[in-house]
Amino acid sequence: MSNWGALPQDVLRLIAGRLDEEDFVAFGSVCASWRSACAGTYDARTRAPWLISFLDSESRFWSMSWARVRRAPLPSMVGRLCYQGWMITAPEGRGLRLFNPISGTSVELPGSETFSRVHKFALSSSPSVSDDYVVMVHVQPATFAFYRPRERAWTALTYWPKSQIMDLMHYRGRFVALDERCRVITFDPRGDDLQENRVALPKFMGWTTPHLVECSGSLLVVWHMHDYFDSAPSVAFRVHKVDLDGGTWTEVKSLGSVSVFLSYECSFSVELDAGPRLSKVWPNRIYFIEMLVRPADHKIQSYRMEDGKIETHPELMPWCSGTTPRWIQPSF
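This is the structure we're talking about:
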């Protein structure tokens, strides 16, 4: 067959779904048609999560079942935030850009000085699949804005009172944000307004970082409690399931067959009983990266939900991992 890009998408998706991580990346880099097939076939339930880190001119990424670190060049950029394998950057003197370090795909967004310092962002779907996606950004202190490619314009909204936004994600057709006062804000991209859902989440004393995570169809807030300045540094976690429509929450004591992977920009969960057990990954745990002063000292650790013990996993962190590694779900 002379035109391999013309193969039916069903056939391409079947092929992509059977490839290991390294061949999967190579397959998705061939052409737009093959990349589109990969975009819908990466199943986080049966494939190990990946990590990615950045140096000045390149990204480095690897999976926990794939020992070799893969390098990819990065364009000149300012600011690097990740969401589901995509980055949002602000090139000097220009607008925003979506960039995929795995496939090399770049999507230019309309420029605006207001959005030159994006604090958080989220995507409704992969920009590689179609132009029917929405980008949501938060710019400190109180600006939310969304962009639809088919409209070629930003719509900005102001959130009052001004309060630090701790996390932002796309969940079941809505964008969801959590502020420092434990208030949940939701936005329906089909509407025009922000809606503040007053879910009375508990507050914890000391250094606490909350993460929004979708887990088995539910919305979780995972609280990472850490005190590295104490004479005896401590780390602990609490997990709450949030009912956005009912305005209630319940504490979660067990994740069952699921594990959660925490990153500053985008956290997610993995179902470990939906296929073969992922090598070196265990259920009912919270995996996180201990960010120490020296990049070479970063450690991958896990919190065991059943007894609260912390384990360190040196076998999961390559020696040449680079700076500030974070978990991603590969996306094309």
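FYI, in my numbering the residues of the sequence shown are 1026 to 1357. Glycine residues also receive a C-beta, built at the ideal position from the N, C-alpha and C atoms.
- Put simply, of G1272, E1331, D1332, T1337 the residue whose alpha carbon is nearest the alpha carbon of I1325 is T1337.
- Secondary structure note for R1310: its beta strand (DSSP E) is the uninterrupted segment 1310-1315.
- Taken through DSSP and simplified to helix, strand or coil, I1190 comes out as strand.
- The continuous beta strand (DSSP E) containing Q1326 extends over residues 1324-1329.
- Sixteen is the threshold: since fewer than 16 other Cβ atoms of the shown chains lie within 10 Å of the Cβ of E1176, the residue is exposed.
- By the Cβ-count criterion, F1262 is buried, with 16 or more other Cβ atoms from all chains shown falling within 10 Å of its own Cβ.
- Counting along the chain, the unbroken alpha helix (DSSP H) around A1041 starts and ends at 1034-1041.
- Inter-residue distance for G1272 and V1036 is about 44 Å (C-alpha atoms, whole angstroms).
- K1145 places its beta carbon 7 Å or farther from that of L1076.
- Restricting attention to E1133, A1097, P1098, the CA atom closest to the CA of T1114 is found in E1133.
- In this structure, K1266 and V1277 form a Cβ contact; the two beta carbons are roughly 5 Å apart against a cut-off of 8 Å.
- In summary, S1294 is buried, with 16 or more beta-carbon neighbours lying within 10 Å of its beta-carbon over all protein chains present.
- When DSSP states are grouped into helix, strand and coil, D1157 belongs to the coil group.
- DSSP, reduced to helix, strand and coil, places W1185 outside both helices and strands of the structure shown, so it counts as coil.
- Taking Q1189 as the centre and dropping the five residues before and after it, the same chain places the C-beta of Q1165, P1166, D1204, E1205 closer than 8 Å to its C-beta, in chain order.
- Residues of the same chain with a CB within less than 8 Å of the CB of E1331, apart from the 5 flanking positions on each side, are S1279, N1309 in chain order.
- By the Cβ-count criterion, L1297 is buried, with 16 or more other Cβ atoms from all chains shown falling within 10 Å of its own Cβ.
- Within its own chain, the residues whose Cβ lies closer than 7 Å to the Cβ of L1148, once the five positions on either side in sequence are excluded, are Y1108, Q1109, W1111, Y1158, V1160, H1195, listed in chain order.
- Check the Cα spacing between T1130 and each of R1173, W1185, G1053: the tightest is with G1053.
- The beta-bridge partner set that DSSP reports for Y1172 consists of V1160, W1179.
- A Cβ-Cβ distance of about 6 Å is found for the pair L1106 and V1143, placing them in contact under the 8 Å criterion.
- Out of C1240, T1275, Y1328, the CA that lies nearest to the CA of M1250 is found in Y1328.
- The criterion of a C-beta distance shorter than 7 Å is not satisfied by A1062 and R1085.
- When only Cα atoms are considered, P1227 and L1244 end up about 16 Å apart.
- Counting only the Cα atoms, L1182 lies some 11 Å from Q1220.
- Cα atoms of P1214 and V1264: separation of roughly 28 Å, rounded to the nearest angstrom.
- M1089 counts as buried, since at least 16 other C-beta atoms from the protein chains shown sit within 10 angstroms of its C-beta.
- Taking S1288 as reference, the option from L1237, T1180, S1356, F1200 with the minimal CA-CA separation is L1237.
- R1043 is classed as exposed because its beta carbon has fewer than 16 other beta carbons within 10 Å across all chains shown.
- Ranked by how close their Cα comes to the Cα of R1223, the residues R1208, S1058, F1212, F1229 have R1208 in first place.
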